[in-house]
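A.B. asks:
In my numbering, the protein residues as written are 1 to 146.
Written out as structure tokens, the structure reads:
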């Protein structure tokens, strides 16, 4: 892992593997970045000659709209971080503001991208989401229906 300036042209904005939630309004974020700069660097993973966006999609979208060509980022080589660890990073980065729909979306990503069964989802993911036992059972039932 290292911190470096990454050309925005090398970021794969089409890959949504680690993106959760709606697009949302980035106007306030753009104003913040314009006013004080980018406070929290996005997290990227090298994928060939491009970078996958792990966390900070809206920050990068705002930087792109503001005309930035380079963005200071936290970057990983592909072998340094697994898909599961990328999803964990998304969970922890968004934990304070993540809603029920985003939790469900993230659980589906863990299930599909990491091939986790119900037992592994419970052990490795649901407990980190700080859901109570009743909520965990309900979430698992809903996931099975998808």
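Built from N, CA and C at the ideal position, the CB exists for glycine as well. A quick note: this is a predicted structure, and the numbers were derived from the prediction, not measured.
Confirm, please, whether the CB-CB distance from residue 28 to residue 69 is below 9 angstroms.
C.D. replies: no
A.B. asks: CB-CB under 8 angstroms to residue 12, same chain, minus the five flanking residues each way: which ones, in chain order?
C.D. replies: 47, 50, 51, 52, 53
A.B. asks: Please name the residue, chosen from 117, 113, 103, that lies closest to residue 128 on a Cα-to-Cα basis.
C.D. replies: Ranking 117, 113, 103 by Cα distance to residue 128 puts 103 first.
A.B. asks: Just the C-alpha distance for residue 32 and residue 121, rounded to the nearest angstrom, thanks.
C.D. replies: 37 angstroms
A.B. asks: Considering only the beta carbon of each residue, do residue 41 and residue 74 sit closer than 9 angstroms?
C.D. replies: yes
A.B. asks: Rounded to whole angstroms, what is the Cα-Cα separation between residue 89 and residue 45?
C.D. replies: Each residue's alpha carbon lies about 12 angstroms from the other.
A.B. asks: Within a Cβ cutoff of 6 angstroms, which residues of the same chain sit near residue 84, ignoring the five residues on either side of it in sequence?
C.D. replies: For residue 84, where only same-chain residues beyond five positions count, the Cβ hits under 6 angstroms are 114.
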